[in-house]
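S.K.: Residue 131 in full-length UniProt numbering sits at position 131 of the sequence shown, and the numbers go up by one each step. Even glycine gets a Cβ: it sits at the ideal position worked out from N, Cα and C.
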Amino acid sequence: MFNILVLEDDELFASTLEDFLEDEGFEVDIASDGEECLDLNYEKNYDLYIFDINVPKINGLDLLKQLRNSGDQTPSIFLTSYKDKDTLKEGFINGCDDYIRKPVDLDELILRIKALLKRNKKQFDIVELNSTLTFNPDTKRVFENNCDLNLPVKLTELLELFIENRGSIVTKEMIISKLWNVDEDYSEGSIRVYINQVKKLLGKESVLNIKGIGYKVEF
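Next comes the structure, spelled out in structure tokens:
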């Protein structure tokens, strides 16, 4: 299941968005101002941001700029009533990937969300890991012969990261960013534990150790 962080100070519209996105299978958190949005972001990793621009405390433009400057490249969509080109230009300069003008057509929004997530290697289709294992990206569950293995959350998140980057090198920094929030402690040993668990699932030959850089998964 994909996690979406919504920044919207209109309570009725925020509630409508939340209900709609949850019905579409997403997990949604709502923030009514920029500071609350930052607090939620520190507590949890998100797959997508949907930000209104004109919100209290920290506006959407400045908030996304802060996140991008900190190295956060999470895909983002602005929902805005602004029509002037300068504001939209500033949004793209600050790192947004797309925008939709209010009033929002929810059918258009879901199409843009799915397109943006796919461009950022987020999977929607069932992934076959081998002849018996499959990964469901919507629920983030791994099945063996259609039986749920009930794997730990961090293990499935690591597996998802490898799936999204099949054939490419996954650095240790990418793993840390995916598995741990900024206020969580991690260790080299814990990374190795999860890597070894992936090897047990996929087979040792599927996970290559790129010395001093990270790992590469081929399956």
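Given a cut-off of 8 Å, decide if residue 217 and residue 162 are closer than it, judged by their beta-carbon atoms.
M.R.: yes
S.K.: Just to check my reading of the structure: residue 215 and residue 207 have Cβ atoms closer than 8 Å, yes? What is that Cβ distance to the nearest angstrom?
M.R.: The C-beta distance from residue 215 to residue 207 rounds to 6 Å, short enough to fall under 8 Å.
S.K.: Among 139, 25, 3 and 32, which has the Cα closest to the Cα of residue 58?
M.R.: 32
S.K.: Since I believe residue 129 is in contact with residue 157 (beta carbons under 8 Å), could you give me their beta-carbon distance rounded to a whole number of angstroms?
M.R.: Not quite, the Cβ-Cβ distance comes to about 15 Å (not below 8 Å), so this is no contact.
S.K.: On the CB-based measure, 16 or more other CB atoms within 10 Å of its CB, does residue 94 come out buried or exposed?
M.R.: The residue is buried, with at least 16 neighbouring Cβ atoms inside 10 Å.
S.K.: Are residue 38 and residue 75 close, meaning C-beta to C-beta below 8 Å?
M.R.: In this structure, residue 38 lies away from residue 75, with their beta-carbon atoms at least 8 Å apart.
S.K.: According to DSSP, what are the bridge partners of residue 143?
M.R.: 134 and 148
S.K.: Ignoring anything shorter than 3 residues, give me the beta strand (DSSP E) runs that lie fully in the UniProt domain "Response regulatory" (3-117), in order along the chain.
M.R.: 3-7, 27-31, 48-52, 76-80 and 98-101
S.K.: Between the alpha carbons of residue 113 and residue 28, how many angstroms are there, rounded?
M.R.: 13 Å
S.K.: Comparing C-alpha positions only, which one of 169, 97 and 177 sits nearest to residue 213?
M.R.: 169
S.K.: Can you tell me which of the three DSSP states residue 129 falls into?
M.R.: Reduced to three states, the DSSP call for residue 129 is coil.
S.K.: Between which two residues does the alpha helix (DSSP H) carrying residue 200 extend?
M.R.: Residues 188-202.
S.K.: Judging by CA-CA distance, which residue of 100, 50 and 89 is the nearest neighbour of residue 34?
M.R.: When the alpha-carbon of residue 34 is set against those of 100, 50 and 89, the nearest one is in 50.
S.K.: So, with DSSP's three-state summary, where would you put residue 163?
M.R.: helix
S.K.: Mind checking which residues open and close the beta strand (DSSP E) that includes residue 210?
M.R.: Residues 207-210.
S.K.: Compute the beta-carbon to beta-carbon distance between residue 181 and residue 44, rounded to the nearest angstrom, for a pair I have assumed lies under 8 Å.
M.R.: Distance from residue 181 to residue 44 at the Cβ level is roughly 7 Å; contact confirmed, criterion being Cβ atoms closer than 8 Å.
S.K.: By how many angstroms is the C-alpha of residue 42 removed from the C-alpha of residue 183?
M.R.: One C-alpha to the other measures close to 7 Å.
S.K.: Run through DSSP, which three-state label would residue 169 get?
M.R.: strand
S.K.: Relative to the alpha-carbon of residue 140, which residue among 131, 147 and 153 has its alpha-carbon at the smallest distance?
M.R.: 153
S.K.: Going by alpha carbons, who is nearest to residue 30 out of 118, 187 and 4?
M.R.: The residue with the shortest Cα to Cα distance from residue 30 is 4.
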